[in-house]
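K.L.:
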Amino acid sequence: MKLFFSPGACSLAPHIVLREAGLPFTLEKVDTARHLTAHGADYYAVNPKGQVPLLELEDGQRLSEGPVIAQYIADRAQQRTLMPEPGSLARYRVMEWQNYITSELHKSFTPLFNGALDGAAKSLLRALLRKKFEWVDSRLSDSDFLTGESFTAADAYLFTVAGWSRFVALDLSDLRHLQRFLAQVGERPAVREAMRAEGLLPA
Ligand SMILES: N[C@@H](CCC(=O)N[C@@H](CS)C(=O)NCC(=O)O)C(=O)O
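Numbering (the working numbering), first residue to last: 260 to 462.
Structure below.
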């Protein structure tokens, strides 16, 4: 399998899941501003959406959408802590978080990275996002991870998107449960390996 990624982008989440699952894979870096792969190919020809992550399977089929890619990887590895048994309520709990992170957190960050948006609009968006993170913080008050004491694909996703706060002047430093979570996840060997491979940590 090959994962198309951009350093520190949302593709870091399935990248972490691949390493946690212990499956073999290769990486190909994408310049998402110019939509070019590391080999100089037009990325729109690889993924017409122009977005990372994209997982290319051994037979050449391609899968997009981060939360779906994460499910595919965990199911293929039969990794039931990353993604619980299909049909179980525990699985729907992880998917509930995946959906919240993708629709409420991830996509609320996107306009904050847009240089064309004025400061007042950004302040409003920051305040709305901050409220959502306050709720996430409260949910982490009595468990190590989002759905309990096991690290799941949703934790990899939350770790990834919360890390963007420092690039958009969103101060989350007082959210102590979230900060404890980020520190703890950031120490996981698979997370450090993924970050090192993306050039986010020194080699
Ligand atoms: N719905 C997609 C969104 C992916 C996405 O937003 N990717 C961003 C990076 S975090 C991207 O590739 N942006 C470049 C672009 O949209 O051209 C998913 O969940 O995988």
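Ideal placement from N, C-alpha and C gives every residue a C-beta, glycine not left out.
Is S400 helix, strand or coil when you go by DSSP?
P.N.:
The count along the sequence shown starts at 1 and reaches residue 400 at position 141. Of the three classes helix, strand and coil, the one that applies to S400 here is coil, per DSSP.
K.L.:
Ligand 1 and G378: does the residue's C-beta get closer than 7 Å to at least one heavy atom of that ligand?
P.N.:
Here residue 378 is taken as the residue at index 119 of the sequence shown, counted from 1. No.
K.L.:
Please look up how many angstroms separate the CB atoms of T419 and W356, rounded, as I've assumed it's under 8 Å.
P.N.:
The count along the sequence shown starts at 1 and reaches residue 419 at position 160. The count along the sequence shown starts at 1 and reaches residue 356 at position 97. Not a contact, Cβ separation roughly 13 Å.
K.L.:
I'd like the list of long-range same chain contacts for H294, defined as Cβ closer than 8 Å, with 5 residues on each side in sequence excluded.
P.N.:
Translated into positions along the sequence shown, residue 294 becomes position 35. Counting only Cβ-Cβ distances below 8 Å, and skipping sequence neighbours, we find D301, Y302, Y303, G309.
K.L.:
Within 10 angstroms of its Cβ, does R278 collect 16 or more other Cβ (buried), or is it exposed?
P.N.:
Along the sequence shown, read from residue 1 onward, the residue named residue 278 stands at position 19. Burial call: buried.
K.L.:
Is R339 helix, strand or coil when you go by DSSP?
P.N.:
Locating residue 339 in the sequence shown gives position 80, where the first residue counts as 1. Coil at R339, not helix or strand.
K.L.:
Under a Cβ-count criterion, where at least 16 other Cβ atoms within 10 Å of its own Cβ denotes burial, should D401 be classed as buried or exposed?
P.N.:
Here the question's residue 401 lines up with position 142 in the sequence shown. Answer is exposed; the Cβ neighbour count stays below 16.
K.L.:
Which term fits L364, buried or exposed, when burial requires 16 or more other beta carbons within 10 angstroms of its beta carbon?
P.N.:
Indexing the sequence shown from 1 puts residue 364 at position 105. Flag for L364 reads buried.
K.L.:
How far does the alpha helix (DSSP H) with R352 in it reach, from first residue to last?
P.N.:
To locate residue 352, count along the sequence shown from 1; it is residue 93. Residues 348 to 359.
K.L.:
Between the region 441 to 457 and the region 278 to 288, do three or more beta carbon pairs fall short of 8 Å?
P.N.:
The region 441 to 457 is in contact with the region 278 to 288.
K.L.:
So does the region 433 to 441 actually touch the region 378 to 388, counting three or more Cβ pairs closer than 8 Å?
P.N.:
The region 433 to 441 vs the region 378 to 388: no contact.
K.L.:
Can you tell me whether F426 is helix, strand or coil according to DSSP?
P.N.:
Indexing the sequence shown from 1 puts residue 426 at position 167. Helix, per DSSP.
K.L.:
What is the residue span of the alpha helix (DSSP H) that R278 lies within?
P.N.:
Taking the sequence shown and counting its residues from 1, one reaches residue 278 at position 19. Taken as a continuous stretch (DSSP letters only), the alpha helix (DSSP H) holding R278 covers 271 to 280.
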